[in-house]
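J.:
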Amino acid sequence: MSDVFDQFQGTASYIASEELRHAVNVAVALARPLLVRGEPGTGKTLLAENLASALDLPLIRWHVKSTTKAKDGLYVYDTVARLNDSRFGGADGSNVRDIAKYIKLGPLGEALAAPSRVVLLIDEIDKADLEFPNDLLHELDVMRFRIDETGKEIAAIERPIVVITSNNEKELPDAFLRRCVFHYIQFPSRELMTEIVRVHHPDITDRVLDNALEVFFGLRSTPRLRKKPSTSELIDWICALKKAGVDLGRVSGGIPFLGTLLKTEQDVELVGKRAKA
Amino acid sequence: MLVDFLFELRARKLPVSTHEWMALMEGMAKGLHESSLDGFYHLCRTLCVKDIALYDAYDEAFLAYFKDVHTDALRLTEELRAWLANPRALDELTDEQRQAMAALDLEKLRELFEQRLKEQKGRHDGGNRWIGTGGTSPFGTGGQNPNAMRVGGGGGRSAMQVADERRFREYRRDVVLDVRQIDVALRGLRRLGREGAEDELDLDETVDQTCKNAGEIEVVFRPPRRNRVKVVLLMDVGGSMDPHAELMSRLFTAASRTGRFAKFRSYYFHNCVYGAVYEDAQFRKAVPVADLLANSDRDEKLVLVGDALMHPAELLDPGGASFLYSQNRASGHEWLRRIAAHFRSAAWCNPEPERFWAGTTIEVIASVFAMWPLTLDGLAHTVRYLVRGGERPRIGDPSRWMKAMAG
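Here the protein sequences come in this chain order: A and B. Those letters in the first sequence? Residues 1 to 277, by the working numbering. Those letters in the second sequence? Residues 1001 to 1407, by the working numbering.
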């Protein structure tokens, strides 16, 4: 196996399964965007951060919201400011005719304009409008775009590594999917979870960890749970247990700090009922 | 030979395009599959399958296509050799067991294993011969035999084993939905238009007006875009619908969310619509169908949800209503046709699994309303049909029923 291919091996604070490492390396080698899906709390966003730090590249984040437009990611032309300057004069008295001054690059624009290779994270792409991914297709394909107002062309010197996350909420368009490398982050097995917790809580003893995982996987296997607790919640929960000095082995009558694991009333009620029965 | 695999995938309704296949070839040319079947399994899945709901179909295709490659997989045998040479397992054995283990030498065990692999047709659990989980066979995972070979499970898994587990079965599309998934499906049901309070800056108009105003800034606002789709939801409750009550309540929760539709109304009926629908599930507040139609625009989208299962007489005979409070003069079938005629777009979602549809009253009702099952796929079809129209699915042969009724 070549060195070029096997670039990402996870980092000290991020344990990636073999399948995930493979998918990341395929995406890097083929220079295609990596689309990551999975349950909330399985570390989709963290992947990009750790990929950037593992490869020692700068990370540019683009958090997509319901109102985000694809063009905003490239650049924003601040007409209102220009209008204001033309009427009242700019603060620094500069030239209103210089349109470039009112062009602000968005995250995707920045990633393409960067002087060296960067990692671009497009977080929760499914949050935006249905057509959003389609509007990005061309730019992600050719990695260049044109600022219409100034006629300036921006092209990537080195193709950025693009990581896209999605919460599996919405169908992404086929044309978009075709261009991506896809990976679904499976919920970690007990062995992998042990490793993950150890990374975050290195001083935890085997017995405490075992007890905690027992309770955690027990909770997750409860039928009809609306929102299963995830990795990030487990780590928070263990943190809370440690801070409060609670010993799980000795606690009787319910799970302490249940609120860090379960986030809906119905779930808390359901688990309570089962514990009594 | 791999092109056949592409067609194997496509035959299983996996939408793999040439684009993706070329990417796979490029990846293999670069050696990304690590010259192993495992590597290929992951590489191909990551490039060609973009939906977790299709992973199971991919596993099936992979199993079907590569089943004969089993015994050739050099890597697999090497893995097995490594396991067998692993001294960790020996520590846990008693002397007696170690002697028993020595009775089978490595070469013989491997031969036996390959032979079993060839003979074995599928997954196997328990028992003492085949490769599988549990049981006392010398091969498999999670078993009781002290000198057994462990196959799959735990650390380095082979692709065939992973595929064979079919871990992604639960993600298939034919499963029923939770509120969020329904939410997502319903998001497609929209037609945007500008209506209501003006609270969004209209930039173009602002610039225009400012120019006309000789540079004095004139700010112009406009109403934001909102969904203009109006929906009427009719739900069947009680009787044979009881098992689906939870699913119905999820659908209702998602559909009634404020701000989703410009107008949303829901009514209940029992079994079939006869003359009236009800505002409450206890059938106390009746709304005559004539009133419902008079108060509904033809543009409103009508969605009926019900199992459409009843005795044929309840649907086709005038006066056949089994429901005590309604004395219908027209048949249920006739009422449904009157409702269908009023609305420009209407559809029926059926929570009953599709395989039970044939030969029931569902066939008749599906000839009146376009019908899909109440699953992720079905709901997506329903939404698409309501927004864009298109072909209605043909279900069974309703003409048989019509003849029966006439006779």
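Yeah, the Cβ is synthetic: ideal placement off N, Cα and C, and Gly gets one too. The structure presented is a predicted model; accordingly, all values stated were derived computationally and were not measured.
1) Quick one: residues in its chain with C-beta nearer than 7 Å to the C-beta of residue 15 of chain A, no 5 flanking neighbours on either side, listed in chain order?
2) Does the segment 1046-1058 of chain B come close enough to the segment 257-267 of chain A that 3 or more CB-CB pairs lie under 8 Å?
3) For chain B, is any of its Cβ atoms less than 8 Å away from the one on residue 75 of chain A?
4) For residue 1254 of chain B, collect the residues of the same chain with a Cβ closer than 7 Å to its Cβ; drop the 5 residues on either side in sequence, then sort them by chain order.
5) When the Cα atoms are used, what is the spatial distance from residue 217 of chain A to residue 180 of chain A?
6) Are three or more beta carbon pairs between the segment 31-44 of chain A and the segment 63-75 of chain A nearer than 8 Å?
7) Does residue 22 of chain A come within less than 8 Å of chain B when only Cβ atoms are used?
8) Would you report the Cα separation of residue 102 of chain A and residue 72 of chain A, rounded to the nearest angstrom?
9) Only counting runs of 3 or more residues, tell me where the beta strand (DSSP E) segments fall wholly within the segment 1182-1214 of chain B, in order along the chain.
10) For a test of the three-state rule: what should DSSP assign to residue 272 of chain A, helix, strand or coil?
11) Based on Cα-Cα distance, which residue from B:1064, B:1270, B:1039 lies nearest to residue 1237 of chain B?
12) Span of the beta strand (DSSP E) holding residue 166 of chain A?
13) Could you please give the first and the last residue of the uninterrupted beta strand (DSSP E) stretch that includes residue 152 of chain A?
14) Name the DSSP beta bridge partners of residue 1236 of chain B, please?
15) Taking the alpha-carbon positions, what's the residue 233 of chain A to residue 203 of chain A distance?
16) Using a Cβ cut-off of 8 Å (strictly closer), state whether residue 267 of chain A contacts chain B.
17) For a contact meaning CB atoms closer than 8 Å, what does residue 86 of chain A contact in chain B?
18) Decide if residue 1300 of chain B is buried, meaning its Cβ has at least 16 other Cβ atoms within 10 Å, or exposed.
19) Which residues, taken in chain order from the segment 1005-1028 of chain B, show a beta carbon closer than 8 Å to some beta carbon of chain A?
20) What would DSSP say about residue 26 of chain A, mapped onto helix, strand or coil?
21) Could you tell me which residues DSSP puts in a beta bridge with residue 11 of chain A?
22) At a Cβ threshold of 8 Å, is residue 1049 of chain B touching chain A?
23) In its own chain, which residues sit with a C-beta less than 8 Å from the C-beta of residue 259 of chain A, not counting the 5 before and 5 after it?
24) Measure the C-alpha to C-alpha separation of residue 186 of chain A and residue 42 of chain A and round it to an integer number of angstroms.
25) Among the residues of its own chain, which have a CB less than 7 Å from the CB of residue 76 of chain A, if the five just before and after it don't count?
26) Closer than 7 Å, Cβ to Cβ, to anything on chain A: give me those residues from the segment 1189-1211 of chain B, in chain order.
27) Using a Cβ cut-off of 8 Å (strictly closer), state whether residue 14 of chain A contacts chain B.
28) Between the Cα of residue 1345 of chain B and the Cα atoms of B:1376, B:1359, B:1386, which residue gives the shortest distance?
29) DSSP state of residue 53 of chain A, grouped into three classes?
30) Residues of chain A with CB closer than 8 Å to the CB of residue 1182 of chain B, please, in chain order.
31) Who does residue 1350 of chain B pair with in a DSSP beta bridge?
32) Does residue 148 of chain A have its Cβ less than 8 Å from a Cβ in chain B?
33) Can the beta-carbon of residue 1348 of chain B be found closer than 8 Å to that of residue 1396 of chain B?
34) Per DSSP, what kind of secondary structure is residue 123 of chain A in: helix, strand or coil?
35) Can you check whether the C-beta of residue 138 of chain A is within less than 8 Å of a C-beta belonging to chain B?
36) Inspect the CB distances between the segment 1218-1236 of chain B and the segment 1262-1277 of chain B and report whether three or more fall short of 8 Å.
T.: In short:
1) As a first step, residue 15 of chain A must be located in the first sequence, where it is residue number 15. So the qualifying residues of the chain are 192, 195, 196, 199.
2) no
3) Here residue 75 of chain A is taken as the residue at index 75 of the first sequence, counted from 1. Taking Cβ atoms only, chain B never reaches closer than 8 Å to residue 75 of chain A, which makes this a no.
4) Numbered from 1 along the second sequence, position 254 holds the residue referred to as residue 1254 of chain B. Within the same chain, residue 1254 of chain B has close Cβ partners 1179, 1182, 1183, 1186.
5) Position 217 of the first sequence, counting from 1, holds the residue named residue 217 of chain A. Position 180 of the first sequence, counting from 1, holds the residue named residue 180 of chain A. Answer to the nearest angstrom: the Cα atoms are 33 Å apart.
6) no
7) As a working mapping, residue 22 of chain A is identified with position 22 in the first sequence. True, the Cβ-Cβ gap to chain B drops below 8 Å.
8) Along the first sequence, read from residue 1 onward, the residue named residue 102 of chain A stands at position 102. Along the first sequence, read from residue 1 onward, the residue named residue 72 of chain A stands at position 72. So the alpha carbons of these two residues sit roughly 14 Å apart.
9) 1192-1194
10) Numbered from its first residue, the first sequence carries residue 272 of chain A at position 272. Here residue 272 of chain A sits in helix by DSSP.
11) By one-based count along the second sequence, residue 1237 of chain B stands at place 237. Per the Cα distances, B:1270.
12) Locating residue 166 of chain A in the first sequence gives position 166, where the first residue counts as 1. Here the beta strand (DSSP E) through residue 166 of chain A covers 161-166.
13) To locate residue 152 of chain A, count along the first sequence from 1; it is residue 152. That run of the beta strand (DSSP E) goes 152-155.
14) Residue mapping note: residue 1236 of chain B aligns to position 236 of the second sequence, counting from 1. B:1269, per the DSSP bridge assignment.
15) Residue mapping note: residue 233 of chain A aligns to position 233 of the first sequence, counting from 1. Residue mapping note: residue 203 of chain A aligns to position 203 of the first sequence, counting from 1. Distance between the alpha carbons of residue 233 of chain A and residue 203 of chain A: 19 Å.
16) Indexing the first sequence from 1 puts residue 267 of chain A at position 267. It does not; no Cβ of chain B falls within 8 Å.
17) Here residue 86 of chain A refers to the residue found at position 86 of the first sequence. Near residue 86 of chain A (Cβ distances below 8 Å), the residues of chain B are 1215.
18) Sequence index remark: in the second sequence, residue 1300 of chain B carries index 300 (1-based). Buried, because 16 or more other Cβ atoms sit within 10 Å of the Cβ of residue 1300 of chain B.
19) 1015, 1017, 1019, 1020, 1023, 1026, 1027
20) Translated into the one-based positions of the first sequence, residue 26 of chain A becomes position 26. Looking at residue 26 of chain A - three-state DSSP - the assignment turns out to be helix.
21) Stepping through the first sequence from its first residue, residue 11 of chain A is reached at position 11. Bridge partners of residue 11 of chain A: A:14.
22) The residue labelled residue 1049 of chain B in the question sits at position 49 within the second sequence. Interface residue, yes.
23) As a first step, residue 259 of chain A is located in the first sequence; it is residue number 259 there, counting from the start. Cβ neighbours of residue 259 of chain A beyond the five flanking positions: 268.
24) On the first sequence, residue 186 of chain A is found 186 positions in, with the first residue counted as 1. On the first sequence, residue 42 of chain A is found 42 positions in, with the first residue counted as 1. Taking the straight line from one Cα to the other gives about 8 Å.
25) Working through the first sequence from its first residue, we reach residue 76 of chain A at position 76. Once the five neighbours on either side are set aside, the close Cβ partners of residue 76 of chain A are 104, 106.
26) 1203, 1207, 1210
27) Along the first sequence, read from residue 1 onward, the residue named residue 14 of chain A stands at position 14. Chain B contact via Cβ: absent.
28) Position 345 of the second sequence, counted from the start, is the residue given in the question as residue 1345 of chain B. Ranked by how close their Cα comes to the Cα of residue 1345 of chain B, the residues B:1376, B:1359, B:1386 have B:1386 in first place.
29) Counted from its first residue, the first sequence places residue 53 of chain A at position 53. Three-state DSSP puts residue 53 of chain A in a helix.
30) As a first step, residue 1182 of chain B must be located in the second sequence, where it is residue number 182. The premise fails here: residue 1182 of chain B is roughly 11 Å from chain A at the closest Cβ pair, so nothing lies under 8 Å.
31) Taking the first residue of the second sequence as 1, we reach residue 1350 of chain B at position 350. Answer by DSSP bridge pairing, in chain order: B:1373.
32) By 1-based counting over the first sequence, the position of residue 148 of chain A is 148. Cβ-Cβ to chain B under 8 Å: no for residue 148 of chain A.
33) In the second sequence, residue 1348 of chain B corresponds to position 348, counting from 1. In the second sequence, residue 1396 of chain B corresponds to position 396, counting from 1. In this structure, residue 1396 of chain B does not lie closer than 8 Å to residue 1348 of chain B by Cβ.
34) In the first sequence, residue 123 of chain A corresponds to position 123, counting from 1. DSSP places residue 123 of chain A in strand when its eight states are reduced to three.
35) Here residue 138 of chain A refers to the residue found at position 138 of the first sequence. False, the Cβ-Cβ gap to chain B never drops below 8 Å.
36) yes
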